[in-house]
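Report on the structure given below.
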Amino acid sequence: KSDGSYEGWIGGFCIKEEIIKNSLEVINMRVPKFLHLKTCHGGTVYLYIEPMVGKREIIIAGDNPITHYLEKLGADMGFSLIKVSDPGEINQVKVSKNSFALIATMGERDHEFAEALLNSNVKYIGVVASRKRGEEILSYLRSKGYGEDLISRIKIPAGIDINAVFPDEIAVSILAEIIKVGKEAKAKNEYEIFEDPVCGMSVSKSSPYFSTFNGKVYYFCSKHCKDSFESNPKNYIK
Numbered sequence: 002k003s004d005g006s007y008e009g010w011i012g013g014f015c016i017k018e019e020i021i022k023n024s025l026e027v028i029n030m031r032v033p034k035f036l037h038l039k040t041c042h043g044g045t046v047y048l049y050i051e052p053m054v055g056k057r058e059i060i061i062a063g064d065n066p067i068t069h070y071l072e073k074l075g076a077d078m079g080f081s082l083i084k085v086s087d088p089g090e091i092n093q094v095k096v097s098k099n100s101f102a103l104i105a106t107m108g109e110r111d112h113e114f115a116e117a118l119l120n121s122n123v124k125y126i127g128v129v130a131s132r133k134r135g136e137e138i139l140s141y142l143r144s145k146g147y148g149e150d151l152i153s154r155i156k157i158p159a160g161i162d163i164n165a166v167f168p169d170e171i172a173v174s175i176l177a178e179i180i181k182v183g184k185e186a187k188a189k190n191e192y193e194i195f196e197d198p199v200c201g202m203s204v205s206k207s208s209p210y211f212s213t214f215n216g217k218v219y220y221f222c223s224k225h226c227k228d229s230f231e232s233n234p235k236n237y238i239k
């Protein structure tokens, strides 16, 4: 899974972390991979990893040239598009960790859409609005009791700064920001991996085999590697 967790048995401890590391790369890159791994006891493992990633989706409130261009660009990029015309419809949308949202109603109930989306688990909430209108929306949300940690999830105006002027350019800037936010979220959830200094295998902090030398903690895939390291640490430190 994207957080490094897994179900079932995925091999001996000495190759488990290597499999997890490569699986996360497959999830992030959305490209399958074939692995040929050597175990610490001389065995060989052949493994094919294929990504099973949910489709990304953009929830769109508004009907105008900007949303039309965003729908076309998003579809070309493989996003599913969900159109909503009333804030109440958002509760009926099955939101996932791959959901993003854009409010482009040009002032019409945009504060209500923002509130409805804050109560969902969407990864990104962008609003096409002036900074003045943006402050009005944020003030409304504060008056409703929403804290700054939640309100900070809303991006006004939506889109990265590319000096966009025309609707198609604004749509490009918004889609670019959605992609950027999606990539950043994956980076934050990245599983921390360390290299066994003896055999070079990938290991995590969950390994029961670790040793401290000169104030630094080293993790190992097996007791054999740990013992080898402790017998002569300087021989394995780069």
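Numbering (our numbering), first residue to last: 2 to 239.
Glycine included, each C-beta is placed from N, C-alpha and C at the ideal position.
inquiry  = Output needed for residue 194: all residues of its chain with C-beta closer than 8 Å, excluding positions within five of it in sequence on either side, in chain order.
reply    = One-based indexing of the sequence shown puts residue 194 at position 193. Around residue 194: 18, 21, 22, 203, 204 and 205.
request  = Quickly, what does DSSP pair residue 148 with across the bridge? List them, please.
outcome  = Counting from 1 along the sequence shown, the entry for residue 148 is found at position 147. According to DSSP, which records beta bridges pairwise, residue 148 is partnered with nothing at all.
query = Would the beta-carbon of residue 67 fall within 8 Å of that of residue 115?
reply = As a working note, residue 67 is residue 66 in the sequence shown. As a working note, residue 115 is residue 114 in the sequence shown. Result no, Cβ atoms of residue 67 and residue 115 do not sit closer than 8 Å.
request  = For residue 36, collect the residues of the same chain with a Cβ closer than 8 Å to its Cβ; drop the 5 residues on either side in sequence, then sort them by chain order.
outcome  = By 1-based counting over the sequence shown, the position of residue 36 is 35. If we look at residue 36 and ignore the five residues flanking it on each side, its Cβ neighbours are 19, 20, 23, 46, 47, 48, 49 and 50.
inquiry  = Tell me which residue opens and which closes the beta strand (DSSP E) that residue 58 is part of.
reply    = Residue mapping note: residue 58 aligns to position 57 of the sequence shown, counting from 1. Start and end: 58-62.
key: Boundaries of the beta strand (DSSP E) in which residue 227 is found, first to last residue   = Taking the first residue of the sequence shown as 1, we reach residue 227 at position 226. Run containing residue 227: none in the beta strand (DSSP E); it sits in the alpha helix (DSSP H), 224-232.
request  = Output yes if chain D places a C-beta closer than 8 Å to the C-beta of residue 99; else output no.
outcome  = In the structure shown, chain D cannot be found, because there is only a single protein chain.
ask   = Which word fits residue 179, buried or exposed, when buried means at least 16 other C-beta atoms lie within 10 angstroms of its C-beta?
value = For this step, residue 179 is matched to residue 178 along the sequence shown. Residue 179 comes out buried.
ask   = Using the C-alpha atoms, what's the distance from residue 26 back to residue 34?
value = For the purposes of this step, residue 34 is identified with residue 33 of the sequence shown, where counting begins at 1. For the purposes of this step, residue 26 is identified with residue 25 of the sequence shown, where counting begins at 1. Straight-line Cα distance between these residues: approximately 9 Å.
ask   = Where do the N-terminal and C-terminal ends of the beta strand (DSSP E) with residue 102 fall, by residue?
value = In the sequence shown, residue 102 corresponds to position 101, counting from 1. Residues 100-104.
ask   = Between residue 218 and the rest of its own chain, which residues show a CB-CB distance below 7 Å, the 5 nearest in sequence each way excluded?
value = Counted from its first residue, the sequence shown places residue 218 at position 217. The beta carbon of residue 218 sits closer than 7 Å to the beta carbons of 211 from its chain, once the five residues preceding and following it are set aside; these are given in chain order.
inquiry  = Check whether the segment 79-86 and the segment 123-131 touch, using three or more Cβ-Cβ pairs below 8 Å as the test.
reply    = no
task = Would you kindly work out how many angstroms separate the C-alpha atoms of residue 93 and residue 121, rounded to a whole number?
result = As a position in the sequence shown, residue 93 is number 92, starting the count at 1. As a position in the sequence shown, residue 121 is number 120, starting the count at 1. Taking the CA atoms as reference points, residue 93 sits about 11 Å from residue 121.
ask   = How about residue 58 and residue 80: are their beta carbons less than 8 Å apart?
value = The residue you call residue 58 lines up with position 57 of the sequence shown. The residue you call residue 80 lines up with position 79 of the sequence shown. The answer is yes: Cβ separation under 8 Å.
query = In terms of residue numbering, what span does the beta strand (DSSP E) encompassing residue 112 cover?
reply = Taking the sequence shown and counting its residues from 1, the one referred to as residue 112 is at position 111. Counting along the chain, residue 112 falls outside any beta strand (DSSP E), though it belongs to the alpha helix (DSSP H) covering 111-119.
Which listed residue (162, 102 and 91) has its alpha carbon closest to that of residue 72 = To locate residue 72, count along the sequence shown from 1; it is residue 71. The option with the nearest alpha carbon to residue 72 is 102.
inquiry  = Please list the terminal residues of the continuous alpha helix (DSSP H) segment that includes residue 47.
reply    = For the purposes of this step, residue 47 is taken as the residue at position 46 of the sequence shown. Element bounds for residue 47: not the alpha helix (DSSP H) but the beta strand (DSSP E), 45-50.
task = Compare the C-alpha of residue 39 against each of 222, 151 and 231 and name the closest.
result = For the purposes of this step, residue 39 is identified with residue 38 of the sequence shown, where counting begins at 1. Checking every option, the nearest Cα to that of residue 39 belongs to 222.
ask   = Near residue 74, what residues of its chain come up, given a Cβ to Cβ distance below 8 Å and the 5 sequence neighbours on each side ignored?
value = Counted from its first residue, the sequence shown places residue 74 at position 73. For residue 74, where only same-chain residues beyond five positions count, the Cβ hits under 8 Å are 172, 173 and 176.
key: Selection from 182, 233, 157 and 164 that minimises the alpha carbon distance to residue 1   = Any property of residue 1 remains undetermined from this structure, which presents the chain solely from 2 to 239.
inquiry  = The alpha helix (DSSP H) that contains residue 69, what's its start and end?
reply    = On the sequence shown, position 68 is the one that residue 69 refers to. 66-77 is the extent of the alpha helix (DSSP H) around residue 69.
key: Backbone CA spacing between residue 117 and residue 89 [nearest angstrom]   = What you label residue 117 is simply residue 116 of the sequence shown in a count that begins at 1. What you label residue 89 is simply residue 88 of the sequence shown in a count that begins at 1. If I take the Cα positions, the gap works out to 7 Å.
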